Amino acid sequence: MEVIGPKKKTPFPSESVSNTLPVYRSAPQLEVRLEDFELYAIDRLRVLKGISDGLSRGKKYQEMERLVSELWRKNMGHQNPSEMMNKDIISHFVLRLVHCRTEDLRKWFLSNETTLFRHRFKLETLDAQRAIMAEFDLPYKAVNNAEFVSVKDNLSNVARSISQPLHSAETIFFKVPFEEVPELVAGRRVFIHKGYAYVAMNQVGSLVVTQFRSHLSKALVLTNRKWTSTIREQEKDRLTPIVEALSTSYLGPDYSQSKEFSEISIKDIDQVANSSFPLCMRHLFEKLREDHHLKHGGRMQLGLFLKGVGLRLEDALAFWKAEFSRKVGAERFDKEYAYSIRHNYGKEGKRTDYTPYSCQKIISSTPGVGDHHGCPYRHFSEENLRAALCKMGVGDKIQEVMGKVRDRHYQLACTLTFEAVHGTSCDAGINHPNQYFTESQKIMQSKVFLAVLVQDNNAISTHVDNIANYAVMWLL
RNA sequence: GGCGGC
DNA sequence: GCCGCCAACATA
Ligand code: SF4
Numbered sequence: 001m002e003v004i005g006p007k008k009k010t011p012f013p014s015e016s017v018s019n020t021l022p023v024y025r026s027a028p029q030l031e032v033r034l035e036d037f038e039l040y041a042i043d044r045l046r047v048l049k050g051i052s053d054g055l056s057r058g059k060k061y062q063e064m065e066r067l068v069s070e071l072w073r074k075n076m077g078h079q080n081p082s083e084m085m086n087k088d089i090i091s092h093f094v095l096r097l098v099h100c101r102t103e104d105l106r107k108w109f110l111s112n113e114t115t116l117f118r119h120r121f122k123l124e125t126l127d128a129q130r131a132i133m134a135e136f137d138l139p140y141k142a143v144n145n146a147e148f149v150s151v152k153d154n155l156s157n158v159a160r161s162i163s164q165p166l167h168s169a170e171t172i173f174f175k176v177p178f179e180e181v182p183e184l185v186a187g188r189r190v191f192i193h194k195g196y197a198y199v200a201m202n203q204v205g206s207l208v209v210t211q212f213r214s215h216l217s218k219a220l221v222l223t224n225r226k227w228t229s230t231i232r233e234q235e236k237d238r239l240t241p242i243v244e245a246l247s248t249s250y251l252g253p254d255y256s257q258s259k260e261f262s263e264i265s266i267k268d269i270d271q272v273a274n275s276s277f278p279l280c281m282r283h284l285f286e287k288l289r290e291d292h293h294l295k296h297g298g299r300m301q302l303g304l305f306l307k308g309v310g311l312r313l314e315d316a317l318a319f320w321k322a323e324f325s326r327k328v329g330a331e332r333f334d335k336e337y338a339y340s341i342r343h344n345y346g347k348e349g350k351r352t353d354y355t356p357y358s359c360q361k362i363i364s365s366t367p368g369v370g371d372h373h374g375c376p377y378r379h380f381s382e383e384n385l386r387a388a389l390c391k392m393g394v395g396d397k398i399q400e401v402m403g404k405v406r407d408r409h410y411q412l413a414c415t416l417t418f419e420a421v422h423g424t425s426c427d428a429g430i431n432h433p434n435q436y437f438t439e440s441q442k443i444m445q446s447k448v449f450l451a452v453l454v455q456d457n458n459a460i461s462t463h464v465d466n467i468a469n470y471a472v473m474w475l476l
């Protein structure tokens with residue numbers, strides 16, 4: 001894969017594969033326009049995110065089927081049909097790169113890509129399916145005639161029990177170690193004999209999916225290894241400044257270091273607040289910075305939230321002290337406010353580690369004059385809310401948000417805001433400020449990394465090689 | 001902010 | 001005036 005400047009553009013070199021579902025076995029040998037590089041990836045990210053939401057919502061197989069093709073149609077289309085395959089492949093590899101760095105990311109990517117593949121495979125023609133099977137060159141033997149005759153009765157029994165009676169004698173069966181097709185075994189959809197499951201051609205999907213999954217899984221680990229060893233060492237000097245510049249000037253803390261997640265330092269707090277805090281917390285944060293003070297309700301709401309975000313006790317104390325002492329003096333801070341913060345962290349008295357407030361709690365609170373806690377969607381005047389939403393960058397979706405507010409669906413309004421700001425759907429809906437935060441971080445993480453890749457390509461596009469070129473080496 | 005202690 | 005102790009609860 002080679003990234004080229006915005007002006008040039010070469011058509012997709014025709015590949016031998018005629019089917020529409022690639023298996024991503026090897027890195028793409030094609031050229032990518034720089035702006036597509038990121039756009040494609042984000043579109044695919046939307047698909048995966050949608051799948052992930054669907055899965056975690058416990059959607060059934062058929063609902064998922066619907067969802068997947070809906071998502072795919074919506075996001076992965078392209079004016080130029082020949083470009084669709086390009087987009088598919090490029091976006092897959094970019095996201096593979098993005099998600100190779102930590103166990104969590106790998107798991108997430110793997111599971112959602114696999115689900116995507118499963119559903120797409122099912123939609124392929126029989127010939128295409130067979131072609132895909134061949135690409136994986138599955139090591140399974142087809143059942144030969146003699147054997148077929150000997151187990152035919154068993155096979156047709158099973159077939160009948162799942163109301164897919166054997167049509168012709170020429171149906172092909174494969175003998176597969178039964179542990180490799182857990183789905184089929186669990187659903188009692190295959191005949192099992194001597195440790196082998198007899199998988200019919202039309203059931204082969206789950207077999208291929210398993211294969212797909214394990215290939216991708218290995219590939220992810222491999223990519224990660226190359227990323228950490230090659231890049232970390234060889235490109236450290238060149239990449240680090242870029243990454244740092246980006247993280248301080250643009251989106252957030254240096255995610256690329258794969259530090260510990262779920263821990264935030266005082267230094268990153270402003271950027272993170274700006275990119276990932278829900279409106280209620282943003283507002284408190286802003287007011288704190290402005291007045292160097294918050295009333296009790298606000299301290300509780302924001303303080304617990306920050307703890308949930310991963311701000312450690314020492315940092316929390318330092319953070320609050322820095323603001324408060326400007327108004328009331330350091331010594332008075334220690335005397336009147338510090339205890340309560342330690343208490344919130346479970347370090348005083350009963351030593352309970354309190355959970356941050358939920359949306360319900362916040363929405364049903366009743367801020368008085370001078371208070372800044374509560375839920376803006378619920379407690380702000382229309383005018384103030386509009387202004388606040390604009391500042392968040394909601395854009396034209398603001399009408400829709402205000403609509404929800406008028407119907408008193410505050411959390412839905414918040415969810416819409418999230419979607420507008422991040423350009424991703426949030427099927428789960430927002431019901432906790434910290435959920436808003438984590439969800440947002442997940443997206444930011446990918447965006448930052450993509451931005452880094454793109455920026456890097458920009459910065460060194462005159463050089464012989466660039467990040468995307470490395471991708472070829474890594475991924476093979 | 002509430003409750004409580006001196 | 002000095003001080004201690006409490007509340008919360010999503011969530012895969
Ligand atoms: S809905 Fe929940 S998260 Fe969103 S602003 Fe209101 S309280 Fe904060």
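Numbering-wise, the first sequence is residues 1 to 476 according to UniProt numbering. Glycine included, each C-beta is placed from N, C-alpha and C at the ideal position. Owing to the predicted nature of the structure, the values given are computational and were not obtained by experimental measurement.
In the DSSP assignment, what are the bridge partners of residue i?
i    : result
K175 : K141, Y198
L311 : I264
I89  : None; I89 has no bridge partner.
I363 : According to DSSP, which records beta bridges pairwise, I363 is partnered with nothing at all.
H373 : DSSP, once it has assigned bridges, lists no residue as partnering H373.
I192 : A197
Residue i and residue j: beta carbons closer than 8 Å?
i           : j    : result
L48         : E113 : yes
P356        : K397 : no
Q441        : S325 : no
V23         : F136 : yes
residue 521 : V176 : The shown model of the chain, from 1 to 476, leaves out residue 521, and the question about it has no answer.
G50         : S425 : yes
S265        : D315 : yes
L302        : L313 : no
N431        : Q411 : yes
F319        : F212 : no
G395        : A420 : yes
D427        : R25  : no
Drop a sphere of 10 angstroms on the beta-carbon of residue i, count the other beta-carbons inside from all chains shown, and report buried for 16 or more, exposed for fewer.
i    : result
Q289 : The amino acid occupying residue 289 in the given sequence is Arg; Gln does not appear at that position. So R289 ends up on the exposed side.
R96  : buried
R378 : buried
V68  : buried
R299 : buried
E263 : exposed
T366 : exposed
N75  : buried
K226 : buried
R351 : exposed
E332 : Checking the sequence shown, residue 332 turns out to be Arg, not Glu. Exposed, by the Cβ-count rule.
E439 : buried
Between the options, which has its C-alpha nearest residue i's C-alpha?
i    : options                : result
Q164 : S214, E180, V190       : V190
M201 : A186, Q129, I162       : Q129
C280 : K226, R120, K361, E83  : K361
K87  : K60, F121, L45, H99    : L45
F305 : L284, H99, E400        : L284
P182 : P278, V199, G297, L166 : V199
D334 : K321, H422, S56        : K321
Y61  : T115, I90, V328, C359  : T115
L207 : T223, F178, M444, G77  : F178
K194 : T223, D43, G77, V151   : V151
K391 : R282, R332, N224, G370 : R282
R73  : Y339, D43, S82, N434   : D43
S214 : Y140, V309, S111, G297 : S111
Measuring straight from C-alpha to C-alpha, what distance separates residue i and residue j?
i    : j    : result
R101 : F109 : 11 Å
L21  : T415 : 33 Å
G54  : F437 : 19 Å
L138 : Q203 : 14 Å
M133 : F173 : 13 Å
E65  : G368 : 49 Å
E180 : T210 : 7 Å
H119 : L126 : 14 Å
Q399 : Q271 : 27 Å
D407 : V401 : 10 Å
L184 : R160 : 15 Å
A142 : L220 : 31 Å
H39  : M84  : With the sequence shown as reference, residue 39 is identified as Leu, and His is not the correct amino acid for it. C-alpha separation (whole angstroms): 13 Å.
I269 : F121 : 44 Å
R342 : G423 : 38 Å
A387 : E103 : 40 Å
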